[in-house]
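Asker: With the numbering used here, the residue at position 149 of the sequence shown is 149, and numbering never jumps. A virtual CB, placed ideally from N, CA and C, is assigned to each residue, including glycine. Bear in mind that the values here come from a model prediction, so they are computed numbers and not experimental data.
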Amino acid sequence: MIRSILLGTGSALPARAVPNAELAQTVDTSDEWIVERTGIRNRYIAADGETTATLATLAARAAIDAAGLEPGAIDLIILATATPDQTFPASATLVQAALGIDDCVAFDVAAVCSGFLYALTVADSMIRSGAASRALVIGSETFSRILDWEDRTTCVLFGDGAGAIILGGEESADDNPATARGILAAKLHADGRHNQLLYVDGGPSTTGTVGKLRMKGQEVFRHAVVNLASVLNEVMAIAGMSAQDIDWLVPHQANARILDATARKLKLSPDKVVVTVDRHANTSAASVPLALDVAVRDGRIKPGDLVVLEAMGGGFTWGACVLRI
Numbered sequence: 001m002i003r004s005i006l007l008g009t010g011s012a013l014p015a016r017a018v019p020n021a022e023l024a025q026t027v028d029t030s031d032e033w034i035v036e037r038t039g040i041r042n043r044y045i046a047a048d049g050e051t052t053a054t055l056a057t058l059a060a061r062a063a064i065d066a067a068g069l070e071p072g073a074i075d076l077i078i079l080a081t082a083t084p085d086q087t088f089p090a091s092a093t094l095v096q097a098a099l100g101i102d103d104c105v106a107f108d109v110a111a112v113c114s115g116f117l118y119a120l121t122v123a124d125s126m127i128r129s130g131a132a133s134r135a136l137v138i139g140s141e142t143f144s145r146i147l148d149w150e151d152r153t154t155c156v157l158f159g160d161g162a163g164a165i166i167l168g169g170e171e172s173a174d175d176n177p178a179t180a181r182g183i184l185a186a187k188l189h190a191d192g193r194h195n196q197l198l199y200v201d202g203g204p205s206t207t208g209t210v211g212k213l214r215m216k217g218q219e220v221f222r223h224a225v226v227n228l229a230s231v232l233n234e235v236m237a238i239a240g241m242s243a244q245d246i247d248w249l250v251p252h253q254a255n256a257r258i259l260d261a262t263a264r265k266l267k268l269s270p271d272k273v274v275v276t277v278d279r280h281a282n283t284s285a286a287s288v289p290l291a292l293d294v295a296v297r298d299g300r301i302k303p304g305d306l307v308v309l310e311a312m313g314g315g316f317t318w319g320a321c322v323l324r325i
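(1) Would you mind giving the Cβ-Cβ distance between G319 and V231, rounded to the nearest angstrom? I have them listed as a contact below 8 Å.
(2) How about R3 and S172: do their beta carbons lie closer than 8 Å?
(3) Kindly confirm or deny that the stretch 187–199 and the stretch 276–284 touch, where touching means at least three C-beta pairs closer than 8 Å.
(4) Check the C-beta distance from A67 over to A110 and give it rounded, since I have them as a contact under 8 Å.
(5) With a 10 Å radius around its C-beta and 16 neighbouring C-beta atoms as the bar for buried, classify R134 as buried or exposed.
(6) Along the alpha helix (DSSP H) that carries G217, what are the first and last residues, could you check?
(7) Taking the alpha helix (DSSP H) that A56 falls in, what are its first and last residues?
(8) By the 10 Å Cβ neighbour count, where 16 or more other Cβ atoms means buried, how is W248 classified, buried or exposed?
(9) In its own chain, which residues sit with a C-beta less than 6 Å from the C-beta of L228, not counting the 5 before and 5 after it?
(10) Only counting the same chain, and skipping five residues up and downstream in sequence, which positions put a Cβ closer than 6 Å to that of V235?
(11) Could you check how far apart the C-beta atoms of V112 and A123 are, in whole angstroms? I think they sit under 8 Å.
(12) May I ask you to report which of helix, strand or coil DSSP gives A178?
(13) With a 10 Å radius around its C-beta and 16 neighbouring C-beta atoms as the bar for buried, classify R324 as buried or exposed.
(14) What residues match up with W318 in a beta bridge as DSSP calls it?
(15) Touch check for the stretch 2–17 and the stretch 50–61: three-plus C-beta pairs under 8 Å?
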């Protein structure tokens with residue numbers, strides 16, 4: 001069989017870091033209020049000239065370098081984002097051009113905070129089917145451009161950034177989940193009945209404007225804990241394992257309280273959960289690959305480790321993926 005193997009990771013952040021104390025100078029909030037409710041201490045905000053595509057390109061270059069490849073080896077680019085540079089064409093094609101790749105498959109995926117899991121699953125399917133051999137999968141966002149900076153309940157939660165991985169198809173005869181490398185299982189969900197709990201109040205075919213993010217935080221929190229715990233158990237069962245086999249959980253970095261509650265529900269040690277929300281805030285589709293890159297580069301995640309990625313976003317959409325590094 002062909003498996004999708006993780007070959008490299010990369011990430012990128014805007015130049016400007018905005019700690020809570022600075023945000024409190026323009027928003028009716030405080031460092032104490034933000035930390036107590038979210039665990040966030042800092043976020044990065046894109047400046048003029050820093051866009052979803054430029055951040056995605058920087059993260060892509062880092063991942064390509066880590067994989068030891070040349071850009072021309074990439075034959076598939078999938079960019080997960082809710083904040084594209086333009087309504088069309090896909091921002092993935094801007095990344096393709098910036099990397100100097102003359103021809104490959106390139107498109108965007110829109111599933112908000114779980115967009116990277118959706119993109120990763122699509123890339124894995126294309127690799128296993130033989131439609132692609134080397135895939136660049138990116139999550140990149142400039143959420144600061146769709147925030148209502150007068151709504152302190154939402155604007156303090158989000159930041160900008162990008163994360164990327166390279167997947168490569170390799171022949172494997174190992175079907176033992178305890179030893180097999182690469183993506184072992186993935187599961188995605190969506191439930192459009194909850195649109196009004198987390199959405200943007202604009203769009204080309206409705207208002208003709210970009211719109212601003214709106215969220216009912218308590219309801220989202222409740223659904224997130226239940227859905228994330230459920231899909232993790234579900235994907236581990238598909239892989240033929242249990243939550244106790246996990247070496248590292250890399251969840252969507254939405255809120256420290258959600259991360260803690262999910263770990264408790266799964267009976268996972270907090271020491272097994274990669275947390276970057278304190279440094280980067282919620283970077284939507286970028287948060288999972290960004291956190292993965294941080295943990296790979298600081299040496300926590302090592303070859304042979306069993307890693308679970310999971311996320312939930314507006315829609316609602318949610319999903320999880322099991323892979324052995």
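Answerer: Short version:
(1) 6 Å
(2) yes
(3) no
(4) Incorrect: roughly 26 Å between the Cβ atoms, too far for contact.
(5) buried
(6) 217–239
(7) 52–67
(8) buried
(9) T262, E310, M312
(10) A185, K187, A320, V322
(11) About 18 Å separates the two Cβ atoms, so there is no contact after all.
(12) coil
(13) buried
(14) H189, M312
(15) yes
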